[in-house]
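Colleague: Counted the way the working numbering counts, the sequence shown spans residues 115 to 281. The structure is given below, and queries will be raised subsequently.
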Amino acid sequence: MGSWPSKNRVDVLTCPEGYSKENFQKICALFDKLDQDSNLGVSSHELSDIVELHIKNCLIRLRARIAGAQQDKEREVQQLDEAFNDKVSIMRTELEAAKNTLNHRQSTESKRIEKQIAYYSGLDETGKCTAFMKVVSGSSEDVIDFESFFEYMKHRTDDISNITYKN
Numbered sequence: 115m116g117s118w119p120s121k122n123r124v125d126v127l128t129c130p131e132g133y134s135k136e137n138f139q140k141i142c143a144l145f146d147k148l149d150q151d152s153n154l155g156v157s158s159h160e161l162s163d164i165v166e167l168h169i170k171n172c173l174i175r176l177r178a179r180i181a182g183a184q185q186d187k188e189r190e191v192q193q194l195d196e197a198f199n200d201k202v203s204i205m206r207t208e209l210e211a212a213k214n215t216l217n218h219r220q221s222t223e224s225k226r227i228e229k230q231i232a233y234y235s236g237l238d239e240t241g242k243c244t245a246f247m248k249v250v251s252g253s254s255e256d257v258i259d260f261e262s263f264f265e266y267m268k269h270r271t272d273d274i275s276n277i278t279y280k281n
C-alpha cells in the first residue's frame with residue numbers, strides 16, 4: 115500500500131567518550147550473540163549463558179570477600195598477638211628491673227642494719243648508756259629531762275614490763 119519500505123530504522127551504536135573502543139566492541143558482539151532473534155533486545159529466555167556466568171562470578175566475588183575478610187582477621191589477630199607479646203616482654207623487663215631494685219634496696223638496708231647490730235653488740239656499759247642518752251635526749255649528757263623521756267617512751271609502753279630495776 116504505501117511507498118515507503120517497512121523497515122525499522124536503527125541508530126548506529128557509538129562508543130562512549132573515554133571508554134575503550136576495544137571493550138565497547140566486545141560488549142556489542144556479546145549483545146549481538148545474545149540477541150538470537152535479532153530484535154535489538156535481549157529477552158530473558160536469551161540470557162541463559164550470561165546468567166550462569168553472572169551468578170558464577172557473583173559467587174566467586176562473595177567467596178573472595180569472605181576469604182579476604184578471613185585473611186584480614188588473621189592478620190589483625192597476628193598483630194594483636196605481636197603487640198601483646200611485645201607488651202609482655204616490656205612488662206617482664208620492667209618486673210625484673212623492679213625486682214633487682216627491690217633486692218638491691220633490701221640488701222643495702224640489711225647491710226646497714228647489720229652494721230647497727232654489730233655496733234650495738236660491741237658496746238660496753240658506758241657505750242650503751244651513751245647511746246641511749248643520745249637517742250632519748252639528742253645529746254650524750256648525763257641527765258634526761260622528763261619531757262624527752264616521755265617523748266621517747268610514749269609509743270613504747272609495752273616495753274615497760276621488760277625493764278628491770280637495779281636497786
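Here a beta-carbon is modelled for each residue, glycine too, at the ideal position from N, C-alpha and C. Treat the numbers as computed from the prediction; the structure is a model and nothing was measured.
1. Quick one: what does DSSP say Val-202 is sitting in, helix, strand or coil?
2. Start and end of the alpha helix (DSSP H) containing Leu-161?
3. The alpha helix (DSSP H) spanning Asn-137 covers which residue range?
4. What are the boundary residues of the alpha helix (DSSP H) that Gly-241 is part of?
5. From which residue to which residue does the alpha helix (DSSP H) around Ser-262 run?
6. By how many angstroms is the C-alpha of Leu-209 removed from the C-alpha of Tyr-266?
7. Does DSSP put Arg-111 in a helix, a strand or coil?
8. Please state the DSSP three-state secondary structure of Val-191.
9. Sorted by chain position, which residues of the same chain lie with C-beta nearer than 7 Å to Leu-194's C-beta, five sequence neighbours on each side aside?
10. When DSSP labels each residue in this structure, what does Ile-277 get in the three-state scheme?
11. Hey, Ile-258 and Val-250 are a contact pair by Cβ (cut 8 Å); roughly how many whole angstroms apart?
12. Only counting the same chain, and skipping five residues up and downstream in sequence, which positions put a Cβ closer than 8 Å to that of Cys-142?
13. Is Met-247 closer than 9 Å to Asp-238 when the C-beta atoms are compared?
14. Go ahead and pull the three-state DSSP assignment for Leu-127.
Modeller: If we stick to the structure as given:
1. helix
2. Run containing Leu-161: none; DSSP gives neither H nor E here.
3. 135-148
4. 239-251
5. 260-267
6. 40 Å
7. Only positions 115 to 281 of the chain appear in the structure, and residue 111 is not among them; the question remains open.
8. helix
9. none
10. coil
11. 5 Å
12. Leu-127
13. no
14. coil
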